[in-house]
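Residue numbers (mature numbering (1 follows the signal peptide of the UniProt record, and there is no 0)): -19 to -1, 1 to 239.
Reviewing the structure listed below.
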């Protein structure tokens, strides 16, 4: 049982943290050829939401909507990461631009908007047809990014999108509900549970649930929220550890009242 708890701690610390720190991207959009560069001075103009300058640069051909930074981000990625709504709208209006454009690591503008709490940019992307369930290389979707960073407004917008999969899982099985439980993001957890997130889902080699994560990390508020949603408190992970075992072994000192 202790081996299961140790596995839980080691695997989750590495796995969850990787969802918002993707590897450096290739200098191209997925499926595309080489593109024009996006110099740092122009990138800074986009970051500051200087729409007039961006418009002029697009019109004179200095850059195009597919131009990329040295790290592999398109102009749309930069705009959405920094909440530059005027530049976001301008870029989405360009011929041939896709709201689903992905870096070499699969990260989309929507994921960056969700991670950084830019709900206006996120909504504009949704309106332009961005795929709410699109996943990057490790399987994280925008739901994972918003939840990991406690961006409740962005999460709420995503959960209202058509065809959103509230239980979409990364390649390691982690759902947004599990990440909220691990990180102690109680507001996000409540939103996910209201959207019918499945608390019985298991992840990692240890086959742990959201309640295991909350207990192991000592997030009493999340534990209480999960129990109120009838999360399975007797569901055992690999090796037989229940959430209560996880709570005790992690030294969290007890079990909140059901």
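We put the beta carbon where it would ideally sit given N, CA and C, even for glycine.
* **Sheet register partners of residue 79 (DSSP bridge)** => Paired residue(s): none; residue 79 is not in a bridge.
* Rounded C-beta distance between residue 117 and residue 86? I'm assuming under 8 Å. -> The beta-carbon separation of residue 117 and residue 86, rounded to 6 Å, stays under the 8 Å limit for a contact.
* By DSSP, does residue 229 sit in helix, in strand, or in coil? -> Residue 229 falls in the helix class under three-state DSSP.
* Nearest-angstrom Cα separation, counted from residue 84 out to residue 162 -> One alpha carbon belongs to residue 162, the other to residue 84, and they sit about 29 Å apart.
* Should residue 97 go down as buried or exposed, given a rule of 16 or more other Cβ atoms within 10 Å for buried? -> Buried, by the Cβ-count rule.
* Asked: Around the Cβ of residue 76, are there at least 16 other Cβ atoms within 10 angstroms (buried) or fewer (exposed)?
  -> So residue 76 counts as exposed.
* Asked: So, is residue 150 buried or exposed, given that buried needs 16 or more other C-beta atoms within 10 angstroms?
  -> With 16 or more other Cβ atoms within 10 Å, it is buried.
* **Chain-order list of residues whose beta-carbon lies under 8 Å from that of residue 182 (same chain, five-residue window excluded)** => Residues of the same chain with a CB within less than 8 Å of the CB of residue 182, apart from the 5 flanking positions on each side, are 148, 150, 154, 156, 158, 159, 190, 191 in chain order.
* Buried versus exposed call for residue 221 [16 or more other C-beta atoms within 10 Å across all chains shown] -> Answer is exposed; the Cβ neighbour count stays below 16.
* Asked: Is it buried or exposed for residue 48, if we count other Cβ within 10 angstroms and need 16 for buried?
  -> Residue 48 is classed as buried because its beta carbon has at least 16 other beta carbons within 10 Å across all chains shown.
* By DSSP, does residue 48 sit in helix, in strand, or in coil? -> Note: residue 48 maps to coil in three-state DSSP.
* **Beta-carbon proximity list for residue 32, same chain, < 6 Å, skipping 5 on both sides** => The residues are 67, 68, 71.
* Assuming residue 128 and residue 166 form a contact by the criterion Cβ under 8 Å, report the distance between their Cβ atoms to the nearest whole angstrom. => 6 Å between Cβ atoms; contact.
* For my contact list, residue 228 and residue 196 are in at a C-beta cut-off of 8 Å; report their separation, rounded to the angstrom. => Contact flag correct, Cβ pair sits at about 4 Å.
* With a threshold of 16 other CB atoms inside 10 Å of the CB of residue 90, please say whether the residue is buried or exposed. => Residue 90 comes out buried.
* Asked: So with Cβ pairs under 7 Å, would you call residue 177 a contact of chain D?
  -> No chain D appears in this structure, which consists of one protein chain only.
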